[in-house]
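Take the sequence shown: its position 3, counted from the start at 1, is 3 in the UniProt record's numbering, and no numbers get skipped. We put the beta carbon where it would ideally sit given N, CA and C, even for glycine. All figures in this text were calculated on a predicted structure; none of them were measured in a lab. Shown next, in structure tokens, is the structure this report addresses.
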Amino acid sequence: ESIVRLLLDGSTDMEIRSQEGLMLLHCSIQNGYNIVISLLINRGADKTARTVSGQLILHFA
């Protein structure tokens with residue numbers, strides 16, 4: 001959690017995507033990182049972002 005806070009306080013791009021279109025929020029949800037999910041949402045992560053295949057974050061919950 002401390003490392004994530006440090007990265008988010010810096011210039012880390014929360015909207016960066018993998019080749020599949022996954023963002024930090026998608027990956028955090030997929031892996032059950034609840035604290036990271038809260039941090040990302042509180043800092044304005046896009047909750048409506050879709051992957052390349054059109055999946056929303058709800059598909060990863």
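Of the residues the options, the one placed nearest residue i, counting alpha carbons only
| i | options | result |
| --- | --- | --- |
| residue 15 | 59, 48, 58 | 48 |
| residue 46 | 13, 7, 2, 3 | 13 |
| residue 2 | 39, 61, 60, 59 | 39 |
| residue 52 | 61, 27, 19 | 19 |
Nearest-angstrom Cβ-Cβ length linking residue i and residue j, presumed shorter than 8 Å
| i | j | result |
| --- | --- | --- |
| residue 8 | residue 43 | 6 Å |
For residue i, the three-state DSSP class (helix, strand or coil)
| i | result |
| --- | --- |
| residue 19 | coil |
| residue 55 | coil |
Cβ-based neighbour list, residue i, same chain, cut-off 8 Å, excluding 5 preceding and 5 following
| i | result |
| --- | --- |
| residue 56 | 48, 49, 50 |
| residue 25 | 14, 37, 40, 41, 45, 46, 47, 49, 57 |
| residue 23 | 14, 15, 16, 17, 45, 46, 49 |
- beta strand (DSSP E) segments (min. 3 residues) lying fully within the UniProt repeat "ANK" (20-52): none
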